[in-house]
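Take a look at the structure below.
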Amino acid sequence: MLKIENLHASVADKPILKGVTLEVPAGEVHAIMGPNGAGKSTLSYVLTGRQGYSVTQGSATLNGEDLLALEPNERAARGLFLSFQYPLEIPGVPALTFIRTALNAQRKARGEPEVTAPEFLKLAREKAAALKIDFDMLKRALNVGFSGGEKKRMEIFQMAMLSPRFLILDETDSGLDIDALRIVSEGVNALRSPDRGMLVITHYQRLLDYIKPDRVHVMSAGRIVASGGPDLALELEREGYDKYARAA
Amino acid sequence: MSLASALRDHDVARLPGKRDEDWRWTDLRGLIRVLPPGSPAYDGPVAAGPFGGLGEGEVLFVNGRVRGDEELLTLAAGQTRTVRLRFVSAAAGASHSVQAKVRVGAGASLTLLESYEGQAAGYLADAGLDIVLEPGARLERVVLTVDAADAVSVSTASVTLAASARLSQCTLSDGAKRQRLETRVLHPGVGAAVRLDGTYLLAGQRHADCTTVVTHAGADGTTEQLIKGVTADQSRGVFQGRIVVAQGADRTDARMGHHALILSERAEIDAKPELEIYADDVSCAHGNTVGALDEEALFYAEQRGIPAAQARAMLTEAFIGEVIDRIGHEGAREAARAWAAQRLRT
Numbered sequence: 001m002l003k004i005e006n007l008h009a010s011v012a013d014k015p016i017l018k019g020v021t022l023e024v025p026a027g028e029v030h031a032i033m034g035p036n037g038a039g040k041s042t043l044s045y046v047l048t049g050r051q052g053y054s055v056t057q058g059s060a061t062l063n064g065e066d067l068l069a070l071e072p073n074e075r076a077a078r079g080l081f082l083s084f085q086y087p088l089e090i091p092g093v094p095a096l097t098f099i100r101t102a103l104n105a106q107r108k109a110r111g112e113p114e115v116t117a118p119e120f121l122k123l124a125r126e127k128a129a130a131l132k133i134d135f136d137m138l139k140r141a142l143n144v145g146f147s148g149g150e151k152k153r154m155e156i157f158q159m160a161m162l163s164p165r166f167l168i169l170d171e172t173d174s175g176l177d178i179d180a181l182r183i184v185s186e187g188v189n190a191l192r193s194p195d196r197g198m199l200v201i202t203h204y205q206r207l208l209d210y211i212k213p214d215r216v217h218v219m220s221a222g223r224i225v226a227s228g229g230p231d232l233a234l235e236l237e238r239e240g241y242d243k244y245a246r247a248a
Numbered sequence: 001m002s003l004a005s006a007l008r009d010h011d012v013a014r015l016p017g018k019r020d021e022d023w024r025w026t027d028l029r030g031l032i033r034v035l036p037p038g039s040p041a042y043d044g045p046v047a048a049g050p051f052g053g054l055g056e057g058e059v060l061f062v063n064g065r066v067r068g069d070e071e072l073l074t075l076a077a078g079q080t081r082t083v084r085l086r087f088v089s090a091a092a093g094a095s096h097s098v099q100a101k102v103r104v105g106a107g108a109s110l111t112l113l114e115s116y117e118g119q120a121a122g123y124l125a126d127a128g129l130d131i132v133l134e135p136g137a138r139l140e141r142v143v144l145t146v147d148a149a150d151a152v153s154v155s156t157a158s159v160t161l162a163a164s165a166r167l168s169q170c171t172l173s174d175g176a177k178r179q180r181l182e183t184r185v186l187h188p189g190v191g192a193a194v195r196l197d198g199t200y201l202l203a204g205q206r207h208a209d210c211t212t213v214v215t216h217a218g219a220d221g222t223t224e225q226l227i228k229g230v231t232a233d234q235s236r237g238v239f240q241g242r243i244v245v246a247q248g249a250d251r252t253d254a255r256m257g258h259h260a261l262i263l264s265e266r267a268e269i270d271a272k273p274e275l276e277i278y279a280d281d282v283s284c285a286h287g288n289t290v291g292a293l294d295e296e297a298l299f300y301a302e303q304r305g306i307p308a309a310q311a312r313a314m315l316t317e318a319f320i321g322e323v324i325d326r327i328g329h330e331g332a333r334e335a336a337r338a339w340a341a342q343r344l345r346t
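Protein chains in written order, with this note's numbering: chain A, 1 to 248; chain B, 1 to 346.
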C-alpha cells in the first residue's frame, strides 16, 4: 500500500525530513507519534504534494505508483486523503457543491462516470446521518463559521463521501471534546477495511484509545526512531518523548 | 473634457487624460492620437445579447443609432417594466456617441438590463445615460459588457433621484483596450436609497475602470456599495469611488467596499475610495482590500481532487458570487452568473 523509503524533504532549504522509512500495508492502521517539530505534519504535506516542500532524496509510492511525480489532485484521485489539522474555510462554496466537485473531478481522473445529483444527495444524506451532521449545514459555505469540532466532523464526512484508499489523519483529535472525538473516531473506524490503509498522526495517546493502531512509530527530528505494537503508545504516554529526543 | 465632446467636435484635444484627476488611470488622451471616422449606419443582423430575451422589450442602439422604441425607457407613474437596453458597436475602427434618456415616474419600477456589445474590432464607443427617478420610483440597473478586446468603450450614467426613490445597480465588466463605466448619482436623502454594486473580471491586456460618484445633498439618505474585482494576465482594474456628503446631509449612512484579487504578477489594480464629509452625525465607512487567492484554500481543494485551474476558478467565482447574489432580478442574476462563469472557466 503506502511505502516510504529514505525520504528527505526541506522547507525553504531547511531539512525537516531526514530519511523516513515506513511501510503501511493495506488493511492496517499505523500511528505516528512524536514531539512538536519532529516533522509529522511535514510528512503529511510532502505525501500530498503541498507547494513549498521539496523532496531532496528518497521515494514514496502508493500501490507501487510514484506519488511524488503526481500533482496533488492526481494523488487524491489515486485515493490519498489528508484530514487537515486545521481545515480551511471556503467562502462562497457550499459544502455539498465543494464535495460533489471534488468527487466528480476524482471520478473523471479515474475514467469513471460522474455521479448524478440524486445519487450524490442520497449518499450525502446517508453519510451525514451516520456522522450526526445536520443536513442544512452542508448547504452552507464549507467550514465558514464552523466550530473546531464541526470542521473535523466535516473532514470525516468528506472522507466518507470520497471513499479514499489511503487516509492520513493529521492531529484529528486536536480541538475535539470527548463526544466529538467519539463521533469522529466512529466515523474513521467505519472506514477501516482490508483494502484501505491509514496513517494517524497524533501528539497524544488519547486518540489511539478510539482508533486502535496496528503499529505505532515514533518520529523525532525527521526520522522514525522507534516502532512497535500498540503498547508503545502507552509507554510514550507514561514516559514522554525525552529518551527518543536524545536518541535522535 | 469628455469622449462625447471630443467626438462631437472631432477634436482629440478634448479627450480626457492624465491631466484630469478623474481620468489619470484611464488616459484616453495619451492613447488616441487620431480620432477614428464616424461609424456608418448598420442595418445588418445583430446577435442576441447577454440578457437573451429577458424582459418585455428592447431598445437597441447600433453604431449610435436607435432601433426600436425609445419610449420604452419612459415609465409613467405606477408602471412596472423590464427593458433591455443594448449598445452595440458593429463598425470596425469607427466611432460613435449616443445619448439615451430614462425616466421612471412616481412609484414606477423599472428593471433595466443594459449591455455594451462589440460585433467588430477596434471601435471607439461612447454612451451617455440621463436617468431621472421621481418620488418613490425604483430602478434596478444591471449592466453587462461584452466589448471587443481592442475597443475603447465609455459609458457615463447620470442619475438624479427624488425623495424615497431607490436605485440599485450592478455593473459587470470584462474590460476592453480601455473601458469605463461611470455612474454619477445625485442623492437627495429623505429616504432615498442607493446601492452601487459591481464586479470586474479581467484577463489578457484588458482594462476596466469602474468610477462612481454619489453626492448626498440632503439628510437621511443611504448608500451601499460593494465592488469586487479580479485581474489576471496583464490586465488592469481601476476603481474610483467617491461619496460626497454635503453640508446639511445629516444622518447620511454610506458604506463602500472594494475588494480585489490579483491573479498574476503582471496584473494591476488601482483603487481610490474617497469619502468627503461636510455634514454632522453621519455614519460612513469604506473598506478596500487587494490580495491574491488564498493558496492554502487552493491546496485544500486540490488535495480533495480538484485540479488547480478548476479550483482557482471555483474560488474566484465564489469571490465574485457575493456581488452577483445581490442582483434582484432572477433572470438577470442567472445571466450574470453565466457571464462570469464563461470568463472564469476558459
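For glycine and all other residues, C-beta sits at the position ideal for the given N, C-alpha and C.
If you count every other CB in all the chains shown that lies within 10 Å of the CB of residue i, and 16 or more means buried, which is it?
i, result
"residue 278(B)", "exposed"
"residue 147(B)", "buried"
"residue 63(B)", "buried"
"residue 348(B)", "Given a span of 1 to 346 for chain B in the structure shown, any question on residue 348(B) remains unanswerable."
"residue 143(A)", "buried"
"residue 39(A)", "buried"
"residue 126(A)", "exposed"
"residue 316(B)", "buried"
"residue 122(A)", "exposed"
"residue 73(B)", "buried"
"residue 156(A)", "buried"
"residue 96(B)", "buried"
"residue 173(A)", "buried"
"residue 329(B)", "buried"
"residue 338(B)", "exposed"
"residue 236(B)", "buried"
"residue 135(A)", "exposed"
"residue 320(B)", "buried"
Show which residues of chain B have a CB atom less than 7 angstroms away from the CB atom of residue i.
i, result
"residue 140(A)", "Under the 7 angstroms cutoff, chain B gives no residues; its nearest Cβ is about 13 angstroms from residue 140(A)."
Please determine, among the options, the residue with the shortest C-alpha to C-alpha distance to residue i.
i, options, result
"residue 272(B)", "227(B), 36(B), 263(B), 310(B)", "227(B)"
"residue 42(A)", "69(A), 66(A), 82(A)", "82(A)"
"residue 77(B)", "103(B), 239(B), 296(B), 317(B)", "103(B)"
"residue 125(B)", "333(B), 31(B), 153(B)", "153(B)"
"residue 5(A)", "16(A), 15(A), 21(A), 11(A)", "21(A)"
"residue 259(B)", "339(B), 198(B), 170(B), 97(B)", "198(B)"
"residue 82(B)", "284(B), 47(B), 45(B), 139(B)", "139(B)"
"residue 170(A)", "179(A), 162(A), 188(A), 178(A)", "188(A)"
"residue 182(B)", "311(B), 223(B), 208(B), 164(B)", "208(B)"
"residue 65(B)", "270(B), 86(B), 51(B), 318(B)", "86(B)"
"residue 7(B)", "18(B), 21(B), 254(B), 29(B)", "29(B)"
"residue 204(B)", "98(B), 275(B), 213(B), 263(B)", "263(B)"
"residue 123(B)", "200(B), 94(B), 115(B), 225(B)", "94(B)"
"residue 345(B)", "307(B), 300(B), 132(B), 55(B)", "307(B)"
"residue 128(B)", "2(B), 303(B), 84(B), 285(B)", "2(B)"
"residue 176(B)", "234(B), 157(B), 221(B)", "234(B)"
"residue 36(A)", "102(A), 228(A), 201(A), 160(A)", "201(A)"
"residue 172(B)", "117(B), 137(B), 79(B), 166(B)", "117(B)"
"residue 268(B)", "245(B), 200(B), 225(B)", "200(B)"
"residue 143(B)", "130(B), 166(B), 237(B), 174(B)", "174(B)"
"residue 8(A)", "203(A), 213(A), 129(A), 59(A)", "59(A)"
"residue 224(B)", "286(B), 301(B), 149(B), 31(B)", "286(B)"
Along chain A, in chain order, which residues have C-beta atoms closer than 7 angstroms to that of residue i?
i, result
"residue 297(B)", "88, 90"
Going along chain B in order, which residues have a C-beta closer than 9 angstroms to the C-beta of residue i?
i, result
"residue 48(A)", "299, 302, 303"
"residue 106(A)", "304, 305, 306"
"residue 146(A)", "Residues of chain B passing the Cβ test: none, with the nearest at roughly 14 angstroms."
Given that residue i touches chain B, what residues does it touch there, using C-beta distances under 8 angstroms?
i, result
"residue 162(A)", "304, 305"
"residue 51(A)", "295, 299"
"residue 158(A)", "304"
Using Cβ-Cβ distances below 9 angstroms, what residues of the segment 300-322 of chain B are close to chain A? 300, 301, 302, 303, 304, 305, 306, 307, 308, 310, 311, 314, 315, 317, 318, 319, 320, 321, 322
Give, in chain order, every residue of the segment 66-81 of chain A whose Cβ lies closer than 9 angstroms to some Cβ of chain B. 71, 72, 73, 74, 75, 76, 77, 80, 81
Quick one: complete beta strand (DSSP E) runs, 3+ long, within the segment 67-93 of chain B? 80-89
Of the residues that make up the segment 166-190 of chain A, which ones have a beta carbon closer than 9 angstroms to any beta carbon in chain B? none
Listed in chain order, which residues of the segment 91-104 of chain A have Cβ atoms closer than 8 angstroms to some Cβ of chain B? 91, 92, 93, 98, 99, 101, 102, 103
For the segment 115-134 of chain A, list every residue whose C-beta sits within 9 angstroms of some C-beta in chain B, in sequence order. none
Those runs of the alpha helix (DSSP H) which lie wholly inside the segment 242-292 of chain B and span at least 4 residues: none
4 or more residues per run - each alpha helix (DSSP H) lying fully within the segment 142-176 of chain A: 148-162
Beta strand (DSSP E) runs wholly inside the segment 133-161 of chain B, at least 3 long, in chain order: 138-146, 152-161
Report the residue ranges of all alpha helix (DSSP H) runs contained in full by the segment 187-222 of chain A; include only those spanning at least 4 residues, in chain order. 206-210
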